[in-house]
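Position 133 (the sequence shown) corresponds to 132 in numbering that gives the first Met the number 0; numbering is contiguous. Everything on this sheet refers to the single structure shown next.
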Amino acid sequence: MTQHYYNEHPVTRSNEQVFNTEISGRSFSFVSDHGVFSKEGVDFGSRFLVETFTEPDIAGPLLDMGCGYGAMGIMLANITGRHVTLSDVNQRAVELARQNAARNEAYAVQVVSGDLFSGVADSERFAAIVINPPIRAGKAVVYRMLSDARAYLLPGGELWIVIQKKQGAPSAKRKLQDMYEEVVEVDKDKGYRVFRARGLEKD
0 MTQHYYNEHP
10 VTRSNEQVFN
20 TEISGRSFSF
30 VSDHGVFSKE
40 GVDFGSRFLV
50 ETFTEPDIAG
60 PLLDMGCGYG
70 AMGIMLANIT
80 GRHVTLSDVN
90 QRAVELARQN
100 AARNEAYAVQ
110 VVSGDLFSGV
120 ADSERFAAIV
130 INPPIRAGKA
140 VVYRMLSDAR
150 AYLLPGGELW
160 IVIQKKQGAP
170 SAKRKLQDMY
180 EEVVEVDKDK
190 GYRVFRARGL
200 EKD
């Protein structure tokens with residue numbers, strides 16, 4: 000059985016690849032590998048979220064949860080100038096994210112490892128959390144990621160998520176509406192949806 004990328008220690012043989020991309024007028028260079036999402040280039044969903052993302056009105060750092068090799072968080076750090084924490088359970092991804100932060104001179108980036116939010120300090124709060132969820136890990140993991148995020152948002156903070164319609168965007172939106180006071184579909188393209196959620200858990 001093929002091992003999915005939501006795994007702490009991938010057993011697939013390493014085969015690193017380097018690729019370059021441009022976004023928002025900036026050039027980036029990344030290294031990825033087997034056992035990491037995505038291994039051949041910046042996937043459409045991640046690019047779409049970064050291109051769609053608008054900075055929240057409040058000051059504060061950002062969090063890229065389930066960062067993979069670090070593309071979203073690194074691009075957002077260099078575009079926004081904000082401090083960004085990158086977190087992933089996959090140790091190969093974590094090492095690549097650190098390598099890619101240095102490669103792109105993203106000095107305001109911190110990379111941590113842990114299952115879901117376990118690598119993030121309990122006291123840390125973020126102006127925005129961005130997630131391109133690990134669909135293959137299953138809905139239970141994805142929904143827990145969305146629900147746990149609210150405890151790590153500053154007042155007025157925002158959760159941004161990108162997900163394909165065929166991979167559960169409608170049900171994810173309903174789940175978000177159960178957790179947050181305001182849920183907006185910010186944009187859609189090629190079957191992908193970007194949602195922004197704000198506010199505390201509903202009573």
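C-beta: ideal position from N, C-alpha, C; glycine also. Quick caveat, the model's predicted, so the values are computed rather than measured.
Proximity to residue 67 across 55, 82, 30 peaks at 30, based on C-alpha coordinates. In the structure shown, residue 23 adopts coil according to DSSP, grouped into three states.
For the 8 Å CB-CB criterion, residue 58 and residue 126 form a contact.
Your pair residue 112 and residue 90 checks out as a contact, with CB atoms roughly 6 Å apart and the cut at 8 Å. Where residue 174 is concerned, there is no enclosing beta strand (DSSP E), although the alpha helix (DSSP H) around it starts and stops at 168–178. In the three-state reduction of the DSSP assignment, residue 191 falls in the strand class, which pools E and B.
Here residue 132 is buried: its Cβ has 16 or more other Cβ atoms, across all protein chains shown, within 10 Å. Each residue's CA atom was taken as its position, placing residue 156 and residue 62 some 11 Å apart.
One thing to note: residue 159 has its Cβ within 8 Å of the Cβ of residue 193. Remark: C-beta atoms of residue 11 and residue 34 approach each other more closely than 8 Å. A residue is called buried when at least 16 other Cβ atoms come within 10 angstroms of its Cβ; residue 84 meets this threshold and is buried. In the DSSP assignment, the residues bridged to residue 108 are 83. Across the set 75, 149, 188, the C-alpha of 149 shows the shortest separation from the C-alpha of residue 177. Setting aside the 5 residues that flank it on each side, residue 181 is surrounded in the same chain by 197, 198, each with a C-beta closer than 6 Å to its C-beta; the list follows chain order. For residue 92, the enclosing alpha helix (DSSP H) has its first and last residue at 90–102. Selection 86, 129, 190 evaluated against residue 165 yields 190 as nearest (Cα-Cα). Between residue 175 and residue 144, the CB-CB gap reaches or exceeds 8 Å.
In the displayed model, residue 57 falls within coil according to three-state DSSP, outside both helix and strand. In the three-state DSSP reduction, residue 49 falls in the helix class (H, G or I). The criterion of a C-beta distance shorter than 8 Å is satisfied by residue 50 and residue 22.
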